[in-house]
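Per the numbering used here, residue 370 is the first one in the sequence shown, and the count goes up by one each step. Here's the structure we're looking at; comments come further down.
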Amino acid sequence: MAQGCQRVIRLCFHGAESTGKSVLADKLSRELGLPWVPEYGRTYCEEHGTDLTMADLLAIAEGQQAAVDAASQSNPPLLLLDTDQLMTAAWAEMLFGEVPDALLAYPKADLYLLFSADVPWVEDGTRLFGQTPQRTHFARLAEDMLIRAGVPWRRIGGDWAAREAAVRAEISALLR
């Protein structure tokens, strides 16, 4: 590491669709002046559709990493990630029943916040798993990926205000 540079702390929002990750990442980024890396998979699906192949998931993982690398160049004290390749791995498991090793080989965040699927699901044109059994299964796969990767994580749940308060507390602790 170059002299005078600090290591960028990466906080990753993780979990099933429609659990508030993107909305909260955007809000806290603006309010706290922290950079955030949006979910590249959303942009990819808006451009290419949601009929995904494994090759699409691998391309999404690469695009997500390129965005993280670019955001890290300014050396912020904390970088908010609105997902990473562990969530892409959960997608691979959900869609295809397997996870390529490449998805597990990417750099990991310093802390993952697992957003529980305990708030109403909202359709936005790119989401696939809104029915309760599917959503529950997908949420379980997201948690399984964190366990499989052996990364530090905390569960975020409750109503929108409780989620925001819990995430703010985690950010404060990381910045101390």
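Idealized CB from N, CA, C, for every residue including glycine.
Subject >> Through-space distance from S485 to G527, alpha-carbon basis >> reply: 8 Å
Original post:
So which of E462, P404, P502, A430 has the shortest CA-CA distance to T412?
Top reply: A430
Original post:
Counting only runs that start and end within the region 429-493, where is the beta strand (DSSP E) found for 3 or more residues in a row?
Top reply: 447-450, 480-484
Original post:
So what does DSSP say about G418, is it helix, strand or coil?
Top reply: coil
**OP:** Decide if E408 is buried, meaning its Cβ has at least 16 other Cβ atoms within 10 Å, or exposed.
**Re:** buried
Original post:
In terms of residue numbering, what span does the alpha helix (DSSP H) encompassing L380 cover?
Top reply: Counting along the chain, L380 falls outside any alpha helix (DSSP H), though it belongs to the beta strand (DSSP E) covering 378-384.
**OP:** Could you tell me whether any non-hydrogen atom of the ligand SAM is closer than 7 Å to the CB of V406?
**Re:** The ligand content of the structure shown is nil, which means the ligand SAM is not present either.
Original post:
So does the region 436-455 actually touch the region 394-406, counting three or more Cβ pairs closer than 8 Å?
Top reply: yes
Original post:
Can you tell me where the alpha helix (DSSP H) with R399 in it begins and where it stops?
Top reply: 390-401
Original post:
Going by alpha carbons, who is nearest to S387 out of Q503, A535, P521?
Top reply: Q503
Original post:
Could you give the distance in angstroms between the alpha-carbon of W529 and the alpha-carbon of V392?
Top reply: 10 Å
Subject >> Sequence-distant residues of its chain with Cβ nearer than 6 Å to D487 (five each side left out) >> reply: G526
Original post:
Nearest to A428 by CA position, among S443, C381, A458, is which residue?
Top reply: A458
Original post:
Which of the three DSSP states, helix, strand or coil, is assigned to R537?
Top reply: helix
Subject >> Residue span of the beta strand (DSSP E) that contains R524, given as start and end >> reply: 522-525
Subject >> Burial state of D453 (16 or more Cβ within 10 Å) >> reply: buried
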